[in-house]
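Chemist: Just so you know, the protein sequences line up as chains A and B, in that order. In terms of my numbering, the first sequence is residues 228 to 393. In terms of my numbering, the second sequence is residues 2 to 419. Where is the CB? At the ideal position from N, CA and C, for every residue including glycine. None of these values were measured; they are calculated from a predicted model. Before we start, here is the structure in question, set down as structure tokens.
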Amino acid sequence: MKYTARVWCFGNDVDTDAIIPARYLNTADHLELAKHCMEDADPEFPSKVQPGDILVAGKNFGCGSSREHAPICIKAAGVSCVVAQSFARIFYRNAINIGLPILECPEGIEKIQEGSTIEVDIDQGVICDLNTGKTYAATPFPAFMQQIIDQGGLIEYVREKVKPVE
Amino acid sequence: MGKTIAEKILGAHCQQAVSANDIVVADLDYVMGQDGTSPLAIQAFREMKGQKVFDPRRVAMIIDHSAPSPLEGVSALHALMRDFAREQGFNFYDIGEGVCHQLMPEKGNVVCGDLVVGADSHTCSYGALNAFSTGVGSTDLAAAMISGKLWFKVPESFKFVLNGQLPAGVYAKDLILYLIGQVTADGATYMAAEYVGEAVRALSVEGRLTMSNMAIEMGAKAGLMEADEKTLAWVQQHSQREPRPVTSDPDAVYARVEEYEVSNLPPQVAKPHTVDNVAPITEVAGTPIQQAVIGTCTNGRLEDLRIAAQILQDRKINPQVRFIVAPASRRIMLEAIKEGVLQTLIEAGAAVVTPGCGPCVGTHNGVPSDGENVIPTANRNFKGRMGNNKAFIYLASPATVAASALAGEIADPREFIR
């Protein structure tokens, strides 16, 4: 899977309260949650983001709470994938489980400028900054996780596993 | 080659010898969700075509984050949880019972050697009881409720050797804040923290729960401790189940080992807006505060309330300060009433709220105003955490919070201890 789109940049340690503050967890409606996506990091973000846009962030993206609302609201806001230097453990697992494509790329992506267009090749683990022509290599997923991603998330994965044998 | 506690507990739950970085599917002893995460888990449970939870005696749901409900939308989510709990017949703790990470150990749901997941990031708390427990999201919770199993990557371990004795006025909270400041917010990402040494052994089980609770604030998957006679006595007092203590082998392999001497540690404060932005009390003393909070899964236990009451006995808080107390459970609240601790706090000027999360997560019970400074005993000071992204949160021990409530500014508790 490849995504080519405009980039929004965020720094290190973007926490789950910045991604979706707990005061908005009064609904399980994904589109309602999306209205407040990244609000405490950038109050304008929910109105600026366009379908397909990509988030680029620094270290420890998604640290804090286990709330799955965090990857859900990013996905529901139309973001196609998230690239970060590193992810916090629970966010990483939740993103895979709900089918939000993410890539961990420890080196170089801090040079990507907001507003640039990048191409993210999830399968190959390669990120290309189309404005500068620079490419960056991402950390590949363990095979077990790749299976969950390929199924489109854990719900589909479990359904597939428990499907009665024909 | 020797094994760590993390490797041994995960290995025992998939009936094979495992080492760090192996990926295993393990049997769970207990599965927990709270009202922030359970509604999505119930949705996922239905979408996965779940019929029954794997074992209703090993599943719990707890309403603590917004308890009682402050909003119609939240009430609907609580109703969904109550219906699901009735249908499935598992352990359900409604409003007023307390905060999940107090209730799980207090109700005897966790013993040494257990493998537990909870849909709350501070599930790592039970490491203090020598259990491997970790936070997961709602979809994982749903899969765990259906199957009683979950996949894990066996973590590497990060050993913290804590030598010396904490001085008077310095507590488990100061120690863990100091460690987080040292290793930073992602310093232990994906690792199991393992706390050892004489300073750890000297702590009460309550103090140990505070340290394990905050392992996630350095990115750790678990915050483990060995079981000693204090752990076993505590577990046997609270649970009918047999503890299965697990120790690390002398030749176990660690990704990182750090040693600290704690005998001269001053009280610590985490400044806005990250938990690793830690400073000694002297650096922040004098900062005016408008709200002080004692409670949460980090520091809402009887020992914490007693420490605060000792400082506040026969004194009145500064009139510029709102002082909120949220006991971590109903049982703790009752004990604090019987001992006169709660009366002391109320006479000093405390507003006592329902046992549960209190104002920590910004859903109710004391949202600060723009530009205000808050000093809670909580575990997170992220921007917006307490419900207002224009407020400033300073994390500290119950003693520092009580002293600051008296002074109207961040104050060194060592000047107030009697």
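Looking at chain A, which residues of the region 183 to 196 of chain B have a Cβ within less than 9 Å of any of its Cβ atoms?
Modeler: Here the close residues are T185, A186, D187, T190 and Y191.
Chemist: To the nearest angstrom, how far is it from the Cα of G279 (chain A) to the Cα of V322 (chain B)?
Modeler: On the first sequence, position 52 is the one that residue 279 (chain A) refers to. On the second sequence, position 321 is the one that residue 322 (chain B) refers to. Answer to the nearest angstrom: the Cα atoms are 47 Å apart.
Chemist: Quick one: give me the first and last residue of the beta strand (DSSP E) that M33 (chain B) is part of.
Modeler: For this step, residue 33 (chain B) is matched to residue 32 along the second sequence. From DSSP, the beta strand (DSSP E) with M33 (chain B) extends over Y31 to Q35.
Chemist: Assign N374 (chain B) to one of two classes, buried (16 or more other C-beta atoms within 10 Å of its C-beta) or exposed (fewer than that).
Modeler: Residue 374 (chain B) sits at position 373 when you count from the first residue of the second sequence. Result: buried.
Chemist: Going by DSSP, what residues sit across from N382 (chain B) in a beta bridge?
Modeler: By one-based count along the second sequence, residue 382 (chain B) stands at place 381. For N382 (chain B), which the question treats as bridged, DSSP gives no partner whatsoever.
Chemist: Name the two residues that bound the continuous beta strand (DSSP E) containing C308 (chain A).
Modeler: Locating residue 308 (chain A) in the first sequence gives position 81, counting from the first residue. Looking at the DSSP string, the run of the beta strand (DSSP E) that includes C308 (chain A) is C308 to A311.
Chemist: Since I294 (chain A) meets chain B, which of its residues come closer than 7 Å, beta carbon to beta carbon?
Modeler: By 1-based counting over the first sequence, the position of residue 294 (chain A) is 67. The amino acid occupying residue 294 (chain A) in the given sequence is Arg; Ile does not appear at that position. Neighbours of R294 (chain A) on chain B, chain order: G37 and T38.
Chemist: Rounding to the nearest angstrom, what Cα-Cα distance links L167 (chain B) and L306 (chain B) in this structure?
Modeler: To locate residue 167 (chain B), count along the second sequence from 1; it is residue 166. To locate residue 306 (chain B), count along the second sequence from 1; it is residue 305. Answer to the nearest angstrom: the Cα atoms are 19 Å apart.
Chemist: Indicate whether at least one CB of chain A lies closer than 8 Å to the CB of G409 (chain B).
Modeler: The residue given as residue 409 (chain B) occupies position 408 in the second sequence. No, no contact with chain A.
Chemist: To test your reading of the DSSP string, which unbroken beta strand (DSSP E) runs of 3 or more residues are found completely within the region 224 to 279 of chain B?
Modeler: Those beta strand (DSSP E) runs which fall completely within the region 224 to 279 of chain B and span 3+ residues are 257 to 262 and 269 to 271.
Chemist: State the start and end residues of the unbroken beta strand (DSSP E) segment that holds L116 (chain B).
Modeler: Working through the second sequence from its first residue, we reach residue 116 (chain B) at position 115. Its beta strand (DSSP E) spans residues L116 to A120.
Chemist: Just checking my contact of D252 (chain B) with G3 (chain B) at CB under 8 Å: how many whole Å lie between their CB atoms?
Modeler: In the second sequence, residue 252 (chain B) corresponds to position 251, counting from 1. In the second sequence, residue 3 (chain B) corresponds to position 2, counting from 1. Their Cβ separation, rounded to whole angstroms, is 4 Å, which keeps D252 (chain B) and G3 (chain B) in contact under 8 Å.
Chemist: Per DSSP, what kind of secondary structure is M49 (chain B) in: helix, strand or coil?
Modeler: Taking the first residue of the second sequence as position 1, residue 49 (chain B) is located at position 48. Note: M49 (chain B) maps to coil in three-state DSSP.
Chemist: For a cutoff of 8 Å on Cβ pairs, would you count A304 (chain A) as touching chain B?
Modeler: Here residue 304 (chain A) refers to the residue found at position 77 of the first sequence. Cβ-Cβ to chain B under 8 Å: no for A304 (chain A).
Chemist: Name the one or two DSSP bridge partners that D348 (chain A) has.
Modeler: Residue mapping note: residue 348 (chain A) aligns to position 121 of the first sequence, counting from 1. Answer is A:K229 and A:V353.
Chemist: So, do the region 358 to 374 of chain A and the region 318 to 334 of chain A have three or more beta carbon pairs nearer to each other than 8 Å?
Modeler: Touching, yes.
Chemist: Since A352 (chain B) is in the beta strand (DSSP E), which residue starts that stretch and which ends it?
Modeler: Stepping through the second sequence from its first residue, residue 352 (chain B) is reached at position 351. Its beta strand (DSSP E) spans residues A351 to V353.
Chemist: Can you pull out the residues from the region 281 to 293 of chain A whose beta carbon lies closer than 8 Å to at least one beta carbon of chain B?
Modeler: Cβ contacts with chain B come from K286, N287, C290, G291, S292 and S293.
Chemist: Curious, which full-length alpha helix (DSSP H) runs of at least 4 residues does the region 240 to 266 of chain A contain?
Modeler: The region 240 to 266 of chain A contains these whole alpha helix (DSSP H) runs: 243 to 246 and 257 to 261.
Chemist: With three or more C-beta pairs closer than 8 Å as the rule, is the region 171 to 189 of chain B touching the region 208 to 226 of chain B?
Modeler: Because the criterion of three Cβ pairs below 8 Å is met, the region 208 to 226 of chain B and the region 171 to 189 of chain B touch.
Chemist: Just the C-alpha distance for E393 (chain A) and R386 (chain A), rounded to the nearest angstrom, thanks.
Modeler: Position 166 of the first sequence holds residue 393 (chain A). Position 159 of the first sequence holds residue 386 (chain A). Note that E393 (chain A) scores 43 on pLDDT, short of 50, meaning its location in the model is unreliable; the coordinates nonetheless yield the value given after this. Between E393 (chain A) and R386 (chain A), the C-alpha separation is close to 14 Å.
Chemist: Report all residues from its chain with a CB closer than 8 Å to the CB of G305 (chain A); omit the five preceding and five following residues, and keep chain order.
Modeler: Counted from its first residue, the first sequence places residue 305 (chain A) at position 78. Excluding positions up to five away in sequence, the list reads A261, V276, Q277, P278, G279 and D280.
Chemist: Going along the chain, which residues of its own chain have a beta-carbon closer than 7 Å to the beta-carbon of I325 (chain A), five neighbours each way excluded?
Modeler: Within the first sequence, numbered from 1, the residue matching residue 325 (chain A) stands at position 98. If we look at I325 (chain A) and ignore the five residues flanking it on each side, its Cβ neighbours are E295, P298, I299, K302 and G380.
Chemist: Anything in chain A within Cβ reach of N390 (chain B), meaning under 7 Å, just list it in chain order.
Modeler: Position 389 of the second sequence, counted from the first residue, corresponds to residue 390 (chain B). By Cβ distance, chain A contributes D267.
Chemist: Going by DSSP in three states, F55 (chain B) sits in which element: helix, strand or coil?
Modeler: For the purposes of this step, residue 55 (chain B) is taken as residue 54 along the second sequence, with counting starting at 1. DSSP places F55 (chain B) in coil when its eight states are reduced to three.
Chemist: Tell me, to the nearest whole angstrom, how far the beta carbon of C113 (chain B) is from that of N131 (chain B); I am working on the premise that it is less than 8 Å.
Modeler: Taking the second sequence and counting its residues from 1, the one referred to as residue 113 (chain B) is at position 112. Taking the second sequence and counting its residues from 1, the one referred to as residue 131 (chain B) is at position 130. With a Cβ gap of about 4 Å, C113 (chain B) and N131 (chain B) count as contacting.
Chemist: Can you give the beta carbon distance from Y191 (chain B) to G224 (chain B), rounded, assuming they're within the 8 Å contact cut?
Modeler: On the second sequence, position 190 is the one that residue 191 (chain B) refers to. On the second sequence, position 223 is the one that residue 224 (chain B) refers to. Rounded, the Cβ-Cβ distance is 13 Å, inconsistent with contact.
Chemist: Could you tell me which of B:E73, B:F133, B:S405 and B:A329 sits nearest to T248 (chain B), measuring between CA atoms?
Modeler: What you label residue 248 (chain B) is simply residue 247 of the second sequence in a count that begins at 1. Of B:E73, B:F133, B:S405 and B:A329, the residue nearest in Cα terms is B:F133.
Chemist: Between the region 229 to 253 of chain A and chain B, which residues of the former have CB atoms less than 7 Å from a CB of the latter, in chain order?
Modeler: Within the region 229 to 253 of chain A, the qualifying residues are D240, D242, D244, A245, P248, A249, R250, L252 and N253.
Chemist: Run through the region 77 to 144 of chain B for me and flag every whole alpha helix (DSSP H) of 4 or more residues, listed as ranges in chain order.
Modeler: Qualifying alpha helix (DSSP H) stretches, in chain order: 101 to 107.
Chemist: Where do the N-terminal and C-terminal ends of the alpha helix (DSSP H) with T283 (chain B) fall, by residue?
Modeler: On the second sequence, position 282 is the one that residue 283 (chain B) refers to. Per DSSP, T283 (chain B) belongs to the alpha helix (DSSP H) from I282 to V285.
Chemist: Suppose contacts are defined by Cβ-Cβ distances below 8 Å. Is G301 (chain B) in contact with I308 (chain B) by that definition?
Modeler: Mapped onto the second sequence, residue 301 (chain B) falls at position 300. Mapped onto the second sequence, residue 308 (chain B) falls at position 307. No, Cβ-Cβ distance for G301 (chain B) and I308 (chain B) is not below 8 Å.
Chemist: With 8 Å as the C-beta to C-beta threshold (strictly closer), list the residues of the region 372 to 391 of chain B near chain A in chain order.
Modeler: Listed in sequence order: R381, F383, K384, G385, R386, G388 and N390.
Chemist: Do you know whose CA, among B:C125, B:F46, B:G97 and B:K391, lies nearest G357 (chain B)'s CA?
Modeler: Start at 1 with the first residue of the second sequence, and residue 357 (chain B) comes out as number 356. When only C-alpha atoms are compared, the closest one is B:G97.
Chemist: Give the range of the alpha helix (DSSP H) segment to which E8 (chain B) is assigned.
Modeler: For the purposes of this step, residue 8 (chain B) is taken as the residue at position 7 of the second sequence. Here the alpha helix (DSSP H) through E8 (chain B) covers I6 to A13.
Chemist: Over the uninterrupted beta strand (DSSP E) stretch that includes I323 (chain A), give me the two end residues.
Modeler: By 1-based counting over the first sequence, the position of residue 323 (chain A) is 96. Looking at the DSSP string, I323 (chain A) is not in any beta strand (DSSP E); the run it does join, the alpha helix (DSSP H), is R316 to I325.
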